[in-house]
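Engineer: Could you have a look at this structure, given as structure tokens, before my questions?
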Amino acid sequence: MKKYLALVLSLLMVFALTGAQAESYLLKLGTSLSDNDPIALGLGEFERLVEEKTNGDIQVEVYPSSQLGADEDLIEQCTMGMGIGLITDSGRLGTYVAEYGILGGPYLMDSYDEALKILATPEYAEMCEKLAPAGLRVLSGNWYAGARHLFMKQAVTKPEDLHGLRVRSSGSAIVNASVKALGGDPTVCPWSEAYNALQSKVVDGVEVNYAAAVGSSIYEVTSHICKTGHFQHMLTLVVSDPWFAALPAEYQTILEESAQAAGLFASEGTIAADADYEQQLVDAGMTIVEVDLDAFKASTASVYEELGLAELRNEIYAAIGK
Numbered sequence: 035m036k037k038y039l040a041l042v043l044s045l046l047m048v049f050a051l052t053g054a055q056a057e058s059y060l061l062k063l064g065t066s067l068s069d070n071d072p073i074a075l076g077l078g079e080f081e082r083l084v085e086e087k088t089n090g091d092i093q094v095e096v097y098p099s100s101q102l103g104a105d106e107d108l109i110e111q112c113t114m115g116m117g118i119g120l121i122t123d124s125g126r127l128g129t130y131v132a133e134y135g136i137l138g139g140p141y142l143m144d145s146y147d148e149a150l151k152i153l154a155t156p157e158y159a160e161m162c163e164k165l166a167p168a169g170l171r172v173l174s175g176n177w178y179a180g181a182r183h184l185f186m187k188q189a190v191t192k193p194e195d196l197h198g199l200r201v202r203s204s205g206s207a208i209v210n211a212s213v214k215a216l217g218g219d220p221t222v223c224p225w226s227e228a229y230n231a232l233q234s235k236v237v238d239g240v241e242v243n244y245a246a247a248v249g250s251s252i253y254e255v256t257s258h259i260c261k262t263g264h265f266q267h268m269l270t271l272v273v274s275d276p277w278f279a280a281l282p283a284e285y286q287t288i289l290e291e292s293a294q295a296a297g298l299f300a301s302e303g304t305i306a307a308d309a310d311y312e313q314q315l316v317d318a319g320m321t322i323v324e325v326d327l328d329a330f331k332a333s334t335a336s337v338y339e340e341l342g343l344a345e346l347r348n349e350i351y352a353a354i355g356k
């Protein structure tokens, strides 16, 4: 009898361990940003929150500096149902749902607070829903990386000054159209190759936010910060929708709530550090150039019509009272 009970208890332990393993999940998150960037630090906060709230049943691994691969490759892996996620710009997601790309549109929003209002609209919720059939699940879109400016080898104050100059682009439709409207020649290359592209004169400049400029040492191969502020750079934390759908409902909620909290954490870090980043760039020898902002805004106004997003922009503005 004792042997029988011992056997039953052993089997129960095996079943319990097997069940525990079946409810353990691994999520690998990639970013092109360096490990000390506020956004990357926010991913670390996301990792901490998720593992704490799930008692380690969901393990999160963060890979900065494109260690996990380029954004395009990671997005493809997400669509295939793998336990992969990334922090990426709306333009890349606009490849799958064109409307989502509007969040990366020129001068769409003037501040992070205004961005948060847009993220609370029904229009934004609908964009997220449309990504699911493509195999992509938005956990949160509230990751603010700061304003993007033109980092050039020469001073640029108006759109005409950019004519004939090659400006690095991520390759998304919204960024290509925006760079062209700003006056430049969009030249596509991965961010991880931007430094070398500047050094070898493949491009004459890049458009980038302060944190990424410092993290990638772009100041070593450019000389002027032309303060266009053409994008308020909002990033999205996205994972595989099939992978997400297979999680228990409780864990799905934890991931979404943790992503929102971590996005706010990262964004506050960006805002707090922005002035310090600018000073670091100036101390490194960069020259700040004030530009004709009205001229750049006027030059990019046609982008929304060109990409068929003008009506959606008007709907968003109506929803936030702008």
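For the sequence shown, my numbering begins at 35 and goes up steadily by one. In this text, a Cβ means the ideal position worked out from N, Cα and C, and glycines have one as well. If you're wondering where the values come from, they're calculated on a predicted model, not measured in any experiment.
Using only CA atoms, which one of Tyr130, Gly125 and Met320 lies nearest to Cys112?
Structural biologist: The shortest C-alpha separation from Cys112 is found at Tyr130.
Engineer: Along the alpha helix (DSSP H) that carries Thr287, what are the first and last residues, could you check?
Structural biologist: That run of the alpha helix (DSSP H) goes Ala283 to Asp317.
Engineer: Taking 7 Å as the limit between beta carbons, can you name the residues of its chain near Val255, skipping five residues before and five after?
Structural biologist: Tyr229, Leu232 and Gln233
Engineer: Contact check, Leu271 vs Leu173 under 8 Å by CB: the rounded distance?
Structural biologist: Your pair Leu271 and Leu173 checks out as a contact, with CB atoms roughly 5 Å apart and the cut at 8 Å.
Engineer: Assuming contact is defined by CB atoms lying nearer than 7 Å, are Ile136 and Leu343 in contact in what I supplied?
Structural biologist: yes
Engineer: I believe Gly119 touches Leu63 by the beta-carbon criterion, under 8 Å. Please report the beta-carbon distance rounded to the nearest angstrom.
Structural biologist: 5 Å
Engineer: As a quick exercise: from Ser204, Lys261, Glu79 and Ala181, pick the residue whose alpha carbon is nearest that of Ala189.
Structural biologist: Its Cα nearest to that of Ala189, the residue Lys261 stands out among Ser204, Lys261, Glu79 and Ala181.
Engineer: With Cys260 as the anchor, note down where its beta strand (DSSP E) starts and where it stops.
Structural biologist: Annotation for Cys260: the continuous beta strand (DSSP E) segment containing it runs His258 to Ser274.
Engineer: Determine the direct distance from the alpha carbon of Asn348 to that of Lys214, and round the result to whole angstroms.
Structural biologist: Approximately 23 Å between the Cα atoms of the pair.
Engineer: Using 8 Å as the cut-off, can you tell me whether the region 102-112 makes contact with the region 325-341, which would need three or more C-beta pairs spanning the two stretches below that distance?
Structural biologist: These segments do not touch.
Engineer: Three-state secondary structure (DSSP) at Gly169?
Structural biologist: coil
Engineer: Would you tell me roughly how many angstroms separate the C-alpha atoms of Ala56 and Pro167, rounded to the nearest one?
Structural biologist: For Ala56, the pLDDT reaches just 44, beneath the cut-off of 50, and the residue's location in the model is therefore unreliable, although a value from the coordinates is still provided. Going by the C-alpha atoms only, they are around 26 Å apart.
Engineer: Buried or exposed for Glu194, going by 16 or more other Cβ atoms inside 10 Å?
Structural biologist: exposed
Engineer: Output yes or no for whether 7 Å exceeds the beta carbon distance between Gly128 and Ile208.
Structural biologist: yes
Engineer: When you compare only the Cα positions, how much space is there between Met143 and Ala179?
Structural biologist: 14 Å
Engineer: Measuring straight from C-alpha to C-alpha, what distance separates Tyr244 and Asp123?
Structural biologist: One C-alpha to the other measures close to 16 Å.
Engineer: Excluding the 5 residues flanking His267 on each side, which residues of the same chain have their C-beta closer than 8 Å to its C-beta?
Structural biologist: Asp123, Gly138, Tyr178, Ala179, Gly180, Ala181, Arg182 and Asn243
Engineer: Taking only the alpha-carbon atoms, compute the straight-line gap between Trp277 and Ile288 and give it to the nearest angstrom.
Structural biologist: Trp277 and Ile288 have their alpha carbons spaced roughly 15 Å apart.
Engineer: For Tyr338, which three-state DSSP category applies?
Structural biologist: In the structure shown, Tyr338 sits in a helix (DSSP, three-state: H, G or I).
Engineer: Can you name the residues that DSSP bridges to Trp177?
Structural biologist: Leu269
Engineer: Would Ala74 be called buried (16 or more neighbouring beta carbons within 10 Å of its own) or exposed?
Structural biologist: buried
Engineer: How big is the Cα-Cα spacing for Ile305 and Glu312?
Structural biologist: 12 Å
Engineer: Compare the C-alpha of Arg200 against each of Val222, Tyr59 and Ser145 and name the closest.
Structural biologist: Val222
Engineer: Along the chain, where does the beta strand (DSSP E) containing Tyr229 start, and where does it finish?
Structural biologist: Here Tyr229 belongs to no beta strand (DSSP E); instead the alpha helix (DSSP H) covers Ala228 to Gln233.
Engineer: In this structure, does DSSP put Leu102 in helix, strand or coil?
Structural biologist: The three-state secondary structure of Leu102, taken from DSSP, is coil.
Engineer: On a Cα-Cα basis, can you pick out the residue from Gln294, Thr88, Leu61 and Asn70 that is closest to Ala154?
Structural biologist: Ala154 has its Cα closest to that of Gln294, out of Gln294, Thr88, Leu61 and Asn70.
Engineer: According to the Cβ coordinates, are Gly239 and Met186 closer than 7 Å?
Structural biologist: In terms of Cβ geometry, Gly239 and Met186 form a close pair [threshold 7 Å].
Engineer: Comparing alpha-carbon positions, which option in Gly117, Ser66 and Leu77 lies nearest Tyr59?
Structural biologist: Gly117
Engineer: Thinking C-beta only, is Asp275 closer than 7 Å to Arg171?
Structural biologist: yes
Engineer: According to DSSP, is Asp91 helix, strand or coil?
Structural biologist: Here Asp91 sits in coil by DSSP.
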